[in-house]
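Chains as they are written, first to last, in our numbering: chain A, 1 to 348; chain B, 1001 to 1475.
Backbone N, C-alpha and C define an ideal beta-carbon position, used for all residues, glycine too.
These notes are about the structure you will find just below.
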Amino acid sequence: MASFFVWLIGILLMVQFILLIGLAGWKTVMIRNENTINAEITRLQPQYKDYVSGSLLSQPDAPAANRFQTAAVERLLENMVHADANALNGKRITELAQLHLSERYKVVLKKGTWAERINCLYFIEDFKMVELREELYMHYKGLHKRDEEYRQCLRAAAVLGEGRISEALFTEPPLSVGFIKELLVRMDAELLSDLAGHIESRKEVPQNLLFAFITFNGEQKNEAFFPFVEQMIHDERKEVRIKAMKSLCDYEKISNPSMLAGFFKSVFWEERMYAAKLAGACKLDEYKKPMALLFTDPVWWVRFAAADNIYGLEGGSNLLKDIAATSNDAYARDIAKHMLTRKGRVAS
Amino acid sequence: MNDDMLKMVLEGLGWAIIIYMLTANLIYLGLFTIAGPKINREKKLNRLEQIEGMSINKDTYPVSVLVPAFNEETGIASTVQSLLALNYPQFEVVVINDGSTDSTSAKLIDRFEMEPIDLAARSYFKTELMVRAFQSKLHPHLFLIEKNNGGKADALNAGINFSHYPYFAAIDGDSILEKDALLKTIKPIIDSDGLVTATGGTVRIANGCRIVNGSVQQVRLPKSPLEIMQIIEYFRSFLIGRLGFSRANILLIVSGAFGVFEKSRVVKVGGYNRETVGEDMELIVRIHRSIKDEKSKQRIEYIQDPVCWTEAPSTVASLRAQRIRWQRGLAETIWIHRKMILNPKYRGIGMFSMPYFLLIELLSAVFEVLGYAFIVASLLFSLVDADIVLIMLLVMILYGSLLSALAVLLEEWTYHKYPDVKSILILYFFALTESFWYRIVMNAWRVEGLVLAFKKNAAWGNMERQGVFSKEDSP
């Protein structure tokens, strides 16, 4: 028995030593490879930068044709995308990416590991490699699992203007509001307009898609869809009304402020809260008094929203002083004092 | 009792200890088998690309970062500095000074130009009196609360009362976060559309690293063997243990150094428990309990990315105090929730996690100390077969050194944070020595902690800091 354990420990130790030597060797090679890639990036970077910014007309040198080519080009272009996207010519980044990476990515999408495929999808999106649109769509159609690969595939397709994914938003099993917004933010005006047409013309729109579309437009202050969002404040569904109010807070405007009056007395606390937020966001001074009444609302979130938004209104600080001095409600007094000392500074 | 009888009893005891340790080894290997495929699958994933869009996405939930601080004057400013630099769309930092007797508050007020504000906090939980609050003029999302001393749990509860956002992150005052830590940790919550209610990330030890402006610029090994051994311990705990538990949704610990929580869930379960020094683990067990009681589909997840750097104790006294406290916290948590043990209602938590933490994490020190006594006594008095003593010694080496060495290899295979081959060799060498010194000392302290748990001695002990983050290198 003892000899069995001696052998067991000995074998395990030996296996670990072999692994250690292997990993140490692998790390040495990795460090050397990294240095090679960095040297290649340093060599190519000036030319690539000049070409992408437009100061160099002829195409820059091709990267050395070795196994580090893909990594070097990816990092080079990625650095440029992140450095200053506005100052650079995105089309030229796409052109270079398609020239050096497309063939490799076609292979990865078919035969790569899960992590390699996802990394490849990230770069297809970042470099806007439109010539891979068909491969991307076919890859999406072949996916069965709704994991990060699926999500990234849809994100990349949205960036490449792949119209067929609009249909997916209606037919796929429910996608989360957050994820749909991720797709919307990547779509160009044409694709977005097509999608809006679908939403307005169809009787059955998935709830999350509608929510995402309403809130997304507010966040982007998308004027073209402001009337659509505003009319949703009258929808018969509570959740839709709330999303519309949230979106109008982001727009920081409302065409007819009187439509807000009823919401201060709504039976739903979320509507009272958003009424206070919207009055604050749109600087609707006429709603100071209804907001002051919300300081004693039974729901904390409503009270806080009223307190958080009243300071910015004309005469708001005086009203806060008044509440701090005279309110019968202890919390109302506290939150009024708190907001006064914060002087309207809110967390970013 | 005659000699034969004594010999038989001792041999029986010897075999019991051997079987126990082999079982513990097998469980560790089982956890590794569960965690391995996920680590392997994701190790080449581009982590930065994965979270790129989240930093500008307005749907990324706003988070209140709570920093309880008691006499943290050496590192608090650096911790806060690292938090202010977080890449996250909407967050606030709330430092809760839990009645410090040093200049913790003064350091913050001075460095971040903080001025007093009136307090208006909700009262989810009763806490010691909050005395004053401050807000930074430079960073409007930085707050400082001063309260009477009530312990870490009380400070966190006060922070929750004050916080304004639906999720909160709890971070120790002696830790710093990677720039993308919050994004990476909140990702499972967002991806699951709120189904994940709490997440934790991997914590690493910052001793020895080069730190500039509250950020780890270069990962380096410390010089002290005591600190190196703690690095190896963290590898083992996070890389082998937690990921396996998380994958099976039976994770019982989100490190107190850094975790993200859904506030409404924590409020629902009553917040942090002031009566235990293991408040982080106790909260997680209570959340699991509430999820299972409600038959909810919510879960707790752990992400394998190293996102938080913490200062490990660098002196024998402070390490001893820490280990005694950890062991006491574990014992108290298991005692509080003893009804969950082997209770099928709590599924994996009740049937596996709780028994595992009781038998392996809590009692292994007792078994190992018994093993040492057994080996010494046998050698001195030649009462048992030498083979049994040899087997026990080998199994102890397997349980300690070889598993730790495996964890070092796993770290290099996955994250390879240490930039040179020499560091890996040093770590591996120290891992092999674990069973012969470090583990013996740790087990003695853990047994001491167990004894103190029975005595209900609640002192936190000496946790003096050398101030890893305050001894920053110049940029």
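So if DSSP puts residue i in a beta bridge, which residue, or which two residues, is it bridged to?
i        : result
G90(A)   : None, per the DSSP bridge assignment.
I1171(B) : F1258(B)
P1114(B) : At residue 1114(B) the sequence reads Met, which differs from the Pro that was named. S1136(B), per the DSSP bridge assignment.
V1067(B) : V1095(B)
C1308(B) : L1177(B), V1203(B)
R1210(B) : Q1218(B)
L1142(B) : V1093(B)
K1147(B) : D1098(B), M1130(B)
A1120(B) : Looking at the DSSP assignment, A1120(B) forms no beta bridge with any residue, so it has no partner.
A1198(B) : F1261(B), I1300(B)
Is the distance from the Cβ of residue i to the Cβ of residue j below 9 Å?
i        : j        : result
A1109(B) : L1066(B) : Reading off the sequence, residue 1109(B) comes out as Ile, not Ala. Their beta carbons are not under 9 Å apart, which means I1109(B) does not touch L1066(B) by this criterion.
F1367(B) : I1027(B) : no
I1039(B) : L1406(B) : no
L245(A)  : A275(A)  : According to the sequence shown, residue 245(A) is Met rather than Leu. Against a cut-off of 9 Å, the Cβ pair of A275(A) and M245(A) comes out as a contact.
S247(A)  : E219(A)  : yes
A24(A)   : L1425(B) : yes
D1193(B) : V52(A)   : no
L1083(B) : I1171(B) : yes
V1260(B) : A1169(B) : yes
G262(A)  : K288(A)  : no
G1329(B) : D1280(B) : yes
T1079(B) : G1214(B) : yes
F1125(B) : G1271(B) : yes
V240(A)  : I214(A)  : yes
E1227(B) : G1208(B) : yes
Leaving out five residues on either side along the sequence, give the residues of the same chain with a beta carbon under 8 Å from the beta carbon of residue i.
i        : result
M1008(B) : none
I1341(B) : I1334, G1350, M1354, P1355, L1358
A347(A)  : Residue placement at A347(A) cannot be trusted, given a pLDDT of 44 that sits under 50; what the coordinates show is reported in the next sentence. Within the same chain, A347(A) has no close Cβ partners at all.
L169(A)  : L175, I180, L183, L195, P206, L209
S1123(B) : N1161
I1232(B) : S1404, A1407, V1408, L1427, F1430, A1431, E1434
E131(A)  : Q98, S102
M1442(B) : R1323, A1365
For residue i, which residues in the same chain have their Cβ closer than 6 Å to its Cβ, ignoring the five residues on either side in sequence?
i        : result
W1326(B) : none
E1178(B) : V1307
R1539(B) : The first residue shown for chain B is 1001 and the last is 1475, placing residue 1539(B) beyond what the model contains.
A324(A)  : R333, A336, K337
D308(A)  : none
L1383(B) : K1007, L1010
V1267(B) : Y1124
Tell me which residues share the same chain as residue i and place their Cβ nearer than 7 Å to its Cβ, disregarding the 5 neighbours each side in the sequence.
i        : result
Y1428(B) : A1405, V1408
H1141(B) : F1091, E1092, V1093
D188(A)  : G161
H1139(B) : L1084, F1112
G1348(B) : A1248, N1249, I1250
S1105(B) : N1097, L1144, E1146
P1475(B) : Residue placement at P1475(B) cannot be trusted, given a pLDDT of 38 that sits under 50; what the coordinates show is reported in the next sentence. Correct list, in chain order: V1212, N1213.
If the cut is a Cβ gap below 8 Å, which residues of chain E does residue i touch?
i     : result
M1(A) : Absent from the structure: chain E. Protein chains present are A and B.
Worksheet item: Name the residues in the region 105–122 of chain A whose C-beta lies less than 8 Å from a C-beta of chain B; which are they?
Response: T113, W114, A115, E116, I118, N119, Y122
Discussion item. Which complete alpha helix (DSSP H) runs does the region 1292–1372 of chain B hold, if anything under 4 residues is left out?
Written reply: 1316–1336
Practice prompt. Entirely within the region 259–317 of chain A and at least 4 residues each: give me those alpha helix (DSSP H) ranges in chain order.
Written response: 269–281, 288–293, 300–310
Discussion item. Any C-beta of chain A within less than 8 Å: which residues of the region 1014–1047 of chain B qualify?
Written reply: R1041, E1042, K1043, K1044, L1045, N1046
Fill in: Near-chain B residues of the region 3–25 of chain A (beta-carbon distance less than 8 Å), N- to C-terminal order
F5, V6, L8, I9, L12, L13, Q16, L19, L20, L23, A24
Fill in: Every unbroken beta strand (DSSP E) inside the region 1382–1451 of chain B [3 residues or more]
none
Discussion item. Please identify, using Cβ separations under 7 Å, the residues of the region 297–320 of chain A that lie next to chain B, in order along the chain.
Written reply: W300
Fill in: Proximal residues, the region 1117–1140 of chain B versus chain A, C-beta separation under 7 Å
I1117, D1118, L1119, A1120, R1122, Q1135, P1140
Fill in: Residues from the region 1170–1194 of chain B in contact with chain A, defined by Cβ distance under 7 Å
I1190, D1193
Discussion item. So if I threshold CB-CB distances at 9 Å, which residues from the region 165–188 of chain A count as touching chain B?
Written reply: S176, V177, G178, F179, K181, E182, V185, R186
Discussion item. Extract the residue ranges of the beta strand (DSSP E) inside the region 149–229 of chain A, only unbroken runs of 3 or more that lie entirely within it.
Written reply: none
Item to complete: Quick one: which unbroken alpha helix (DSSP H) runs of 4-plus residues sit fully inside the region 46–107 of chain A? Chain order, please.
Response: 69–83
Worksheet item: Which residues, in chain order, does the region 1401–1418 of chain B contribute to contact with chain A at a C-beta distance below 8 Å?
Response: L1402, A1405, L1406, L1409, E1412, W1413, H1416
Practice prompt. Taking a Cβ distance cut-off of 7 Å, strictly less, list which residues of the region 25–45 of chain A are near chain B, in chain order.
Written response: K27, T28
Discussion item. Which residues of the region 1423–1441 of chain B have a Cβ closer than 9 Å to any Cβ of chain A? Give them in chain order.
Written reply: I1424, L1425, Y1428, L1432
Discussion item. Any C-beta of chain B within less than 7 Å: which residues of the region 218–250 of chain A qualify?
Written reply: E219
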